[in-house]
Amino acid sequence: MTTRPQWYRPDRQLAFRMALTMFMLVLIYLAFVFILGSIFRGLGFGFFFVIALIMASAQYYFADKIALWSMNAREVSEEEAPELHAMIERLAQQANIPKPRVALVDTTVPNAFATGRNERNAVVCVTTGIMRQLNSAELEAVLAHELTHIVNRDVLVMTIASFFSMLAGLMSRSMMYGMMWGGYGGGYGGRGRDNNGGASAAIIAFLVSAIVAAISFVLVRTLSRYRELAADRGSALMTGAPQNLASALMKISGTMQSGRIPDRDLRQAQAVNALAIVPAIKGEDVAEIFSTHPSLQHRLEQLQRIQEQMENAPRIR
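Below, the structure is given as structure tokens:
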């Protein structure tokens with residue numbers, strides 16, 4: 008096993024935030040179920056729960072295939088992409104994880120992402136656009152970022168966290184459709200409840216589920232942004248060259264904002280924005296609290312701090 012520098016440590020802050028996010032989501036949804044149980048007596052949500060569970064299971068077991076399919080990516084062999092395979096294999100050895108599968112997307116969008124439910128089912132995907140734009144050191148830094156996601160297992164946590172948000176969203180939509188079609192007009196709130204009472208209960212339940220979905224959205228986005236910062240740190244520590252990732256991020260973001268990428272390619276890449284190293288969007292007008300990624304400035308400032316720490320830190324040979 009490759010000896011790591013003294014300053015390489017597991018990201019306990021990320022582990023704490025992932026655990027806290029899951030704990031908060033569970034509490035929110037316990038309260039959500041209690042409120043719904045108080046409002047509706049005799050109305051079963053088992054059907055919607057089963058549908059959401061099936062969707063979450065499919066996302067868990069087939070997340071890698073779904074992501075590759077959405078990007079029209081294909082797995083490539085060592086013969087097809089020898090340099091890319093060699094770079095990923097070397098980084099995987101440094102991270103002490105099995106070498107992930109390698110996939111390629113033929114698109115002008117410069118990007119990369121990793122997915123898979125665990126280290127043995129992981130895949131790293133890069134675009135031809137990023138391979139053309141970045142030099143080997145910058146590409147290595149991007150790949151180290153993606154392997155850090157695999158090491159941290161944050162893809163699995165994000166899948167579970169997204170399940171709760173998906174469940175609340177599904178239930179709120181079902182209630183909205185029920186109110187539109189008169190399905191909650193009466194009979195669901197218990198014997199003796201009139202139509203107006205049933206409609207009022209349905210409206211309250213819809214508002215509660217919408218609020219829960221909104222809170223879940225913010226919690227998941229907050230965790231997503233931190234996991235990107237954690238992956239940036241992992242890349243800097245794994246390669247020992249934070250400036251290479253900083254350079255790569257500036258190049259990728261500059262190309263995204265340049266207007267040179269066809270809108271069709273951007274729309275296709277948006278399917279994996281939550282996984283990509285840089286989201287395929289134009290402009291910085293979206294508030295960071297609603298974004299899956301921290302701002303470029305935030306990421307560059309962190310890399311600059313790591314660079315300064317590494318320059319002043321003693322090394323063990």
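Under my numbering, think of the first position of the sequence shown as 8, with each following residue one higher. For each residue, glycine too, the CB sits at the ideal point set by N, CA and C. Just so we're clear, the structure is a prediction, and the values are computed from it rather than from any experiment.
Residues that DSSP places opposite Arg108 in a beta bridge: Against the sequence shown, residue 108 aligns to sequence position 101. Paired residues: Val130.
Residue range of the alpha helix (DSSP H) that includes Ala121: Counting from 1 along the sequence shown, the entry for residue 121 is found at position 114. From DSSP, Ala121 is part of no alpha helix (DSSP H) but of the beta strand (DSSP E) over Ala119 to Thr122.
Pairwise C-alpha distance: Leu226 and Ile211: Within the sequence shown, residue 211 is the residue found at index 204, counting from 1. Within the sequence shown, residue 226 is the residue found at index 219, counting from 1. The alpha-carbon atoms of Ile211 and Leu226 are separated by roughly 23 Å.
Selection from Gln100, Arg306, Val164 and Thr122 that minimises the alpha carbon distance to Ala253: Here residue 253 is taken as the residue at index 246 of the sequence shown, counted from 1. Closest option to Ala253, Cα to Cα, is Arg306.
Strand pairing of Glu82, partner residues [DSSP]: Position 75 of the sequence shown, counted from the start, is the residue given in the question as residue 82. Partner(s): Ala110.
Check whether Ser230 and Thr122 have beta carbons under 8 Å apart: Position 223 of the sequence shown, counted from the start, is the residue given in the question as residue 230. Position 115 of the sequence shown, counted from the start, is the residue given in the question as residue 122. At residue 230 the sequence reads Leu, which differs from the Ser that was named. It is not a contact, given that the beta carbons lie outside the stated cut-off.
Beta carbon proximity, Ala276 to chain C, threshold 8 Å: Reference to chain C is not applicable here, since this structure consists of a single protein chain.
Simplified DSSP assignment, three categories, for Ala70: In the sequence shown, the residue the question calls residue 70 occupies position 63. Ala70: helix per DSSP, three-state reduction.
Extent of the continuous alpha helix (DSSP H) to which Ile137 belongs: Translated into the one-based positions of the sequence shown, residue 137 becomes position 130. Looking at the DSSP string, the run of the alpha helix (DSSP H) that includes Ile137 is Thr135 to Gln140.
Beta carbon of His152 nearer than 8 Å to that of Ala238: Reading the sequence shown from its first residue, position 145 is the one you call residue 152. Reading the sequence shown from its first residue, position 231 is the one you call residue 238. Against a cut-off of 8 Å, the Cβ pair of Ala238 and His152 comes out as a contact.
Coil, strand or helix - Thr155 by DSSP: On the sequence shown, position 148 is the one that residue 155 refers to. If DSSP states are grouped into helix, strand and coil, Thr155 belongs with the helices.
Proximal residues to Pro249 (C-beta, below 6 Å), its chain only, five neighbours per side dropped: In the sequence shown, residue 249 corresponds to position 242, counting from 1. Excluding sequence neighbours, Pro249 sits near Ala243, Leu310, Ile313 and Gln314.
Supposed close pair Pro269, Thr135 - CB separation, criterion 8 Å: Along the sequence shown, one-based indexing puts residue 269 at 262. Along the sequence shown, one-based indexing puts residue 135 at 128. That belief does not hold up - the Cβ atoms of Pro269 and Thr135 are roughly 14 Å apart, past 8 Å.
Residue closest to Leu154, alpha-carbon to alpha-carbon, out of Val131, Gln140 and Leu146: Sequence index remark: in the sequence shown, residue 154 carries index 147 (1-based). Nearest of Val131, Gln140 and Leu146 to Leu154, Cα basis: Val131.
Contacting residues, own chain, Cβ-Cβ under 7 Å from Ala148 (five flanking each side not counted): As a first step, residue 148 must be located in the sequence shown, where it is residue number 141. Once the five neighbours on either side are set aside, the close Cβ partners of Ala148 are Ser242, Thr246, Ala248, Asn251, Leu252 and Ala255.
Between the CA atoms of Tyr233 and Ile35 - distance to the nearest angstrom: Your numbering for residue 35 matches position 28 in the sequence shown. Your numbering for residue 233 matches position 226 in the sequence shown. About 21 Å.
DSSP three-state assignment for Val149, whether helix, strand or coil: As a working note, residue 149 is residue 142 in the sequence shown. Here Val149 sits in helix by DSSP.
Reference Ile137, options Leu150, Arg24, Ser216 and Ser77, closest by Cα: One-based indexing of the sequence shown puts residue 137 at position 130. Among Leu150, Arg24, Ser216 and Ser77, the Cα nearest to that of Ile137 belongs to Leu150.
Outcome for Asn118 when other beta-carbon atoms lying within 10 angstroms are tallied against a minimum of 16: On the sequence shown, residue 118 is found 111 positions in, with the first residue counted as 1. By the 10 Å Cβ count, Asn118 comes out buried.
Buried/exposed call for Gln101, threshold 16 Cβ in 10 Å: In the sequence shown, the residue the question calls residue 101 occupies position 94. Buried, since its Cβ has 16 or more Cβ neighbours within 10 Å.
Which listed residue (Ser216, Val33, Leu91 and Ser207) has its alpha carbon closest to that of Glu145: Working through the sequence shown from its first residue, we reach residue 145 at position 138. With distances taken between Cα atoms, Glu145 lies closest to Leu91.
Alpha carbon of Ala93 to alpha carbon of Val215, nearest angstrom: If you number the sequence shown from 1, residue 93 lands on position 86. If you number the sequence shown from 1, residue 215 lands on position 208. Approximately 51 Å, taken between the alpha carbons.
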